[in-house]
Amino acid sequence: MPVGYIYIMGAGLAWSFLGIYIKLLAAVGFESMQIVSLRATLAAVVLTALLAFWRGTALFRIKLRDWWLFAGMAIFSILISNGCSFAAMQESGITVAIILLYTSPVFVTVMAAIFFGEHLTGQKVAALFLALLGCAFVAGAGQDTGGNVSLLGVGLGLASAFGYALYSIFGRIALNRGYKPLTLVLYTFIIAGSMSWLFADIKQAVLLVRDLRTLLLVLGLSVLSTILPYFLYGKGLETVEASKASILACVEPAMAIVFGVVIFSEPFTISIAIGILAIFGAVMLLNSKKA
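Sequential numbering from 17 applies to the sequence shown in this note's numbering.
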């Protein structure tokens, strides 16, 4: 298996812990946008300190004409994508929102073919279909959605998927211009963290960090489920086509369900098993030389 695939799947694995952190922090009293804001702000602070100590100023340098790339990743792929996803959950239920979010590989595949000339092979289409099918089964397609499926909810869900997909497109353009994956992560979260303060009560969020356990949860969210996966995804994008990367990252919901079963004793159903097999079938198809 190519090393780029391992990077992408490693990112998906790290992202799969996100739900655990969010669930535990919500139990403490954090609201959704407070979690988004703390995640982005602390990721920016930690990464800035690490890079200044470890690499000096080399990774901080970006050209003024390229600011739109980093702003695009921050605004569309972090703030708007998260905001639309949360709104879709409230409008049409968690299951529908998750299924719609993971239509993002479709957007990536189409845009990558248009902007980067990536070939749309039969095996890639088959892998895309398997990944989407797997995400639908993992999310519990056909079960109670926990809400009324509305046109607004579907629109919000698709908007979250489109914003999520743009990270692969903006990221590939930035990498093609010579930027390193850590530079992408750094400026994406500096901008996202700063702008998120407009939408969240950050003062109240800081007051909720009252003990070591909560502090460790926030740090884990920012480092293990933010800095690490976005860095790994960027490393993978250096050698893997954007369309393939978005499909490979679909291991995230499968692994998130597995962790939910192991850690929170959530039920493991036939639907989930079929979904996981379909997602890993997609990975195997992409590992073929013809893909």
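Yeah, the Cβ is synthetic: ideal placement off N, Cα and C, and Gly gets one too.
Would you decide whether residue i is buried or exposed? Buried here means 16 or more other CB atoms lie within 10 Å of its CB.
i, result
"R81", "exposed"
"Q106", "exposed"
"P121", "buried"
"V278", "exposed"
"I130", "exposed"
"E282", "exposed"
"M25", "buried"
"Q220", "exposed"
"L191", "buried"
"L117", "buried"
"G158", "Note on G158: pLDDT 45, under 50, position unreliable in the model; no value is reported."
"S166", "exposed"
"M271", "buried"
"A289", "exposed"
"F280", "exposed"
"L41", "buried"
"L228", "exposed"
If I'm right that residue i touches residue j with Cβ under 8 Å, what's the distance once you round it to whole angstroms?
i, j, result
"S48", "F102", "5 Å"
"T242", "A59", "4 Å"
"Y180", "I78", "Their Cβ separation, rounded to whole angstroms, is 23 Å, which puts Y180 and I78 out of contact at 8 Å."
"Y21", "V256", "6 Å"
Does the distance from the C-beta atom of residue i to that of residue j stay below 7 Å?
i, j, result
"L202", "K260", "no"
"C100", "S176", "yes"
"V154", "G291", "yes"
"V234", "L54", "yes"
"G88", "F215", "no"
"A43", "A208", "no"
"A298", "I263", "yes"
"P245", "A30", "yes"
"P197", "K251", "yes"
"L248", "Y23", "yes"
"S304", "A258", "no"
"F178", "F123", "yes"
"R188", "L253", "yes"
"I286", "G150", "no"
"V222", "L231", "no"
"T204", "A90", "yes"
Taking just the CA atoms, how far does residue j sit from residue i?
i, j, result
"L182", "G173", "15 Å"
"I38", "V52", "9 Å"
"V19", "F46", "37 Å"
"L95", "L148", "24 Å"
"F86", "A74", "17 Å"
"A265", "G28", "5 Å"
"T64", "G138", "43 Å"
"S8", "I115", "Only positions 17 to 307 of the chain appear in the structure, and residue 8 is not among them; the question remains open."
"F145", "T199", "33 Å"
"H135", "F92", "26 Å"
"A104", "M17", "36 Å"
"I110", "F132", "33 Å"
"W83", "F284", "45 Å"
"S97", "A113", "11 Å"
"I36", "T119", "22 Å"
"V1", "L293", "With the chain covering 17 to 307 only, the question about residue 1 has no answer from this structure."
"L34", "A152", "19 Å"
"M300", "I218", "43 Å"
"G236", "G276", "17 Å"
"A142", "V267", "16 Å"
"I206", "L66", "14 Å"
"Q50", "W70", "29 Å"
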